[in-house]
Amino acid sequence: MEQSIDMEIKDNTFARQFEATTEEGLVSVEYSFQERKIFLTKINTPDHFDNEEFIARLLTEILAIAIEKKLKVVPILPKIVSFFKKNPEYKELLPPGIRL
């Protein structure tokens, strides 16, 4: 059953995380900044949350924000590295020297 996900992302700069709310609760992606790079370090999900499509959509929206702000993205978490490997169209967001 395919469903369209209408997603609103909040950039919680105090907690240094992007946040989106699901029926199951809050999903967040923690980040840190260094120069013109954003390091994506952790994904927090509610217990028993396994909606990979939602997480992929959230990462897509976060990368759109990075493109808009002209930031390079450094994926730290293996799950985010895996997302980059599955979506090579985002390869240009990686800083020089980063190979996945």
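All residue numbers for the sequence shown refer to UniProt numbering, where the first residue is 1 and numbers rise by one. For each residue, glycine too, the CB sits at the ideal point set by N, CA and C. These figures come from a predicted structure and were not determined experimentally.
Among N51, I38, K10, nearest to E23 - alpha-carbon criterion: To locate residue 23, count along the sequence shown from 1; it is residue 23. Checked all of N51, I38, K10; the closest Cα to E23 is N51.
Whole-angstrom distance between M7 and F54, CA atom to CA atom: Translated into the one-based positions of the sequence shown, residue 54 becomes position 54. Translated into the one-based positions of the sequence shown, residue 7 becomes position 7. Between F54 and M7, the C-alpha separation is close to 9 Å.
Residue interval of the beta strand (DSSP E) (run including F14): In the sequence shown, the residue the question calls residue 14 occupies position 14. Taken as a continuous stretch (DSSP letters only), F14 belongs to no beta strand (DSSP E), as it is neither H nor E.
DSSP three-state assignment for L93, whether helix, strand or coil: What you label residue 93 is simply residue 93 of the sequence shown in a count that begins at 1. DSSP places L93 in helix when its eight states are reduced to three.
Among I38, R99, K91, the one whose alpha carbon lies nearest that of K69: The residue given as residue 69 occupies position 69 in the sequence shown. Considering only alpha carbons, the answer is I38.
Opening and closing residue of the alpha helix (DSSP H) in which K69 lies: Translated into positions along the sequence shown, residue 69 becomes position 69. Element bounds for K69: n/a, residue is neither H nor E.
Where I62 falls: helix, strand or coil (DSSP): Translated into the one-based positions of the sequence shown, residue 62 becomes position 62. Here I62 sits in helix by DSSP.
S28 versus L59, E35, Q34, residue with shortest Cα-Cα distance: Residue 28 sits at position 28 when you count from the first residue of the sequence shown. Considering only alpha carbons, the answer is L59.
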